[in-house]
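Numbers 1 to 455, taken from the working numbering, label the letters of the sequence shown in order.
For every residue, glycine included, the Cβ atom is placed at its ideal position computed from N, Cα and C.
All of these numbers come straight from a predicted model, not from anything done at the bench.
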Amino acid sequence: MTEMPFGSARPLKGVLLLGAGCSILLCYAIATSSWVVGSIEGGWTYNYVRPFALRQLLVAAGVSAAAALLLRAPIAGQRVWVMLVAWVMFASAAHGLMYSIAPYDLEQLFVSPAANSFYTLTQERDASDLLERFNRVRLQAPWHARSNMPGKTMLTYALTLVTERTDVLPWLVVLVSNLGALLMYAFVREAFDDRRSAFYSAVLYLFVPSRVFFFPLMNTVTPVVALACGCLLVRWIRTGSVVWAVLLGAALYGLVFFEPLPLVLGLLFAALAGLALHCRTISPDRFVLQSCAMLVAFIATVELVVVLSGFDLLRAFRQIHAHALEFNVVEARAYGLWVRANLWEFLFGVGMAQALLLIVAPVVGPVQARGWRARLFTPIAAVSIGLLAVLLVTDLLGVNRGEVIRLWIFLACFCQIPAAYACARFTGHGAIALVLGLTILQITLGTAMIRFIIP
């Protein structure tokens, strides 16, 4: 799926400036503690615990200035991977600087049974016991571990094999989450055939507000698993090789094992597959046959894990889904109220400019794509429309009522792609530097002033 050349970015300038203005207003509202994160009417908000301080502004300015300088480095050829690794290291250091002025340090959050009960569970149970008797262990576990599939706990087990130091473990989670930038680049590069859009997507991924706000929780790793599936999907529909379809089937098992909610990204993947079929990148017959191979691979993985460990994925999925529905009843969270409030809360986690560019990016189509019909069959249109469909359906499902800044982190990460694509239409690095700088300011203020995680 090769993206067509683009003309003037002039129509995007107004939207970019509007997004920048909204971001500035949002940052001002955070600084004055006047922005409500959550819903007072719905009974769930994230509270301000510190006032604005000049130090926060200095941290944001320092990180933004360093990011602007790093953006000027060339990204041609194989050097792009070196630069991506440099960005991962830079972002990790920047996150450390931001959390140096936060109400709680990452170690305190990581070992807290209330905030991160996956670590607590690893100290109380063996991995084999968790898998073999999942439902029994789950019901006796602390709250968050009780409402999740075992994947997050299993990753915590794996990290404790690297080190048992509780001051290092949360930073390993941050690093694993940040490495998702490499997968983001691969996903967008394969889908768009556009290096610049892919690179900017990776950069924005590293500074998604909701992802950084919830370090070092395991929800920040979910985008990595979802992006791995996305990379396999676009590779499959681009090459038409059954090997990638089979690998995707096995990877989908891993996604459900870690967190089932990102399965809603199937709407985005369907949009990309539909574009591939329209462009005849893959024939309908081959697509159907290889989809069957993917399904067989998924089922085979389910049965293999049952034989090896005794863990039944589908049974566990039904139990977790029932628990989520029960939670809404117990907490008396109304459906209609949160259908509206979720979107407002999600906007805060995505970024103002990114949200506006998500809607507008497909409108400014390729030079050759004359008319709306032609513009609908482009990668950026498929991604943007697919993401909007995912957002709408996920919201209307009603399973998540509040707390979507954390629960929809995976979706917020994918929603950076249209913004990166739009910024890539401008000559130079001014557009991406503006969006990134304002996002960094929002993250710094939010991290320092708002309590997103209760230890």
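- For W44, the three-state secondary structure derived from DSSP is strand.
- Taking a cut-off of 8 Å for Cβ pairs, the stretch 198 to 216 and the stretch 419 to 432 touch, as three or more such pairs fall below it.
- Straight across, the Cα-Cα distance linking L275 with T122 is about 44 Å.
- Annotation for G96: the continuous alpha helix (DSSP H) segment containing it runs R79 to Y99.
- Its chain contains V242 and A245 as the residues whose beta carbon lies nearer than 6 Å to that of Q290, once the 5 sequence neighbours on both sides are disregarded; these appear in chain order.
- Separation of M218 and P113 (C-alpha to C-alpha, rounded to the nearest whole angstrom) is 13 Å.
- Under DSSP, I440 shares a beta bridge with no residue.
- The C-beta distance from L172 to V224 rounds to 13 Å, too long to fall under 8 Å, and the pair is not in contact.
- Taking each of G266, P11, T32 and G38 in turn and checking the Cα distance to G402, the smallest one comes out for G38.
- Your pair D395 and V339 checks out as a contact, with CB atoms roughly 6 Å apart and the cut at 8 Å.
- A distance below 6 Å between beta-carbons, with the five flanking residues on each side excluded, links N342 to the following residues of its chain, in chain order: D395 and V404.
- Take the alpha-carbon of V111 and the one of Q140: they are about 18 Å apart.
- Counting only runs that start and end inside the stretch 189 to 250, the alpha helix (DSSP H) elements of at least 4 residues fall at 195 to 205, 209 to 213 and 222 to 239.
- Contact annotation, A250 with A293: C-beta distance approximately 11 Å; criterion of less than 8 Å not satisfied.
- Straight through space, the alpha carbons of E132 and I454 are spaced by roughly 31 Å.
- Going by C-alpha positions, D167 is about 15 Å away from H95.
- By the 16-neighbour rule on beta-carbons within 10 angstroms, A102 is buried.
- Taking a C-beta distance under 8 Å as the contact criterion, L438 and A382 do not qualify as a contact pair.
- Look at G38 here: in three-state DSSP terms it is strand.
- With the rule of 3 Cβ pairs closer than 8 Å, the stretch 207 to 222 counts as touching the stretch 432 to 449.
- The stretch 278 to 365 contains, as complete alpha helix (DSSP H) runs of 4+ residues, the segments 284 to 309, 313 to 331, 335 to 350 and 352 to 360 (chain order).
- M154 is positioned such that its CB atom lies closer than 8 Å to that of A127.
- Under the rule that a run must span 4 or more residues, the alpha helix (DSSP H) segments found entirely inside the stretch 375 to 428 read 379 to 397, 404 to 407, 409 to 414 and 416 to 423.
- With a beta-carbon spacing of about 22 Å, L434 and L387 fall beyond the 8 Å limit used to define contacts.
- Beta-carbon to beta-carbon, A226 and P262 are separated by about 4 Å, close enough to satisfy the 8 Å threshold.
- For R79, the closest C-alpha among the options T378, R196, H278 and V137 is that of R196.
- Its Cα nearest to that of Y119, the residue P142 stands out among L436, P142, G43 and Y99.
- Nearest C-alpha to C22 among V399, F348 and K152: F348.
- For I450, the three-state secondary structure derived from DSSP is strand.
- Ranked by Cα distance from E41, the first of Y157, G336 and Y48 is G336.
- Here L255 is not near L232, since their CB atoms are 8 Å or more apart.
- A residue is called buried once 16 or more other Cβ atoms fall within 10 Å of its Cβ, and Y99 is buried on that count.
- Following the DSSP letters along the chain, one finds M149 in no alpha helix (DSSP H), marked with neither H nor E.
- Going by DSSP, E124 is part of the alpha helix (DSSP H) stretching over S117 to E124.
- Just measuring C-alpha positions, the residue of I450, W81, P11 and L272 sitting nearest F377 is L272.
- Around the beta carbon of V82, fewer than 16 other beta carbons sit within 10 angstroms, so the residue counts as exposed.
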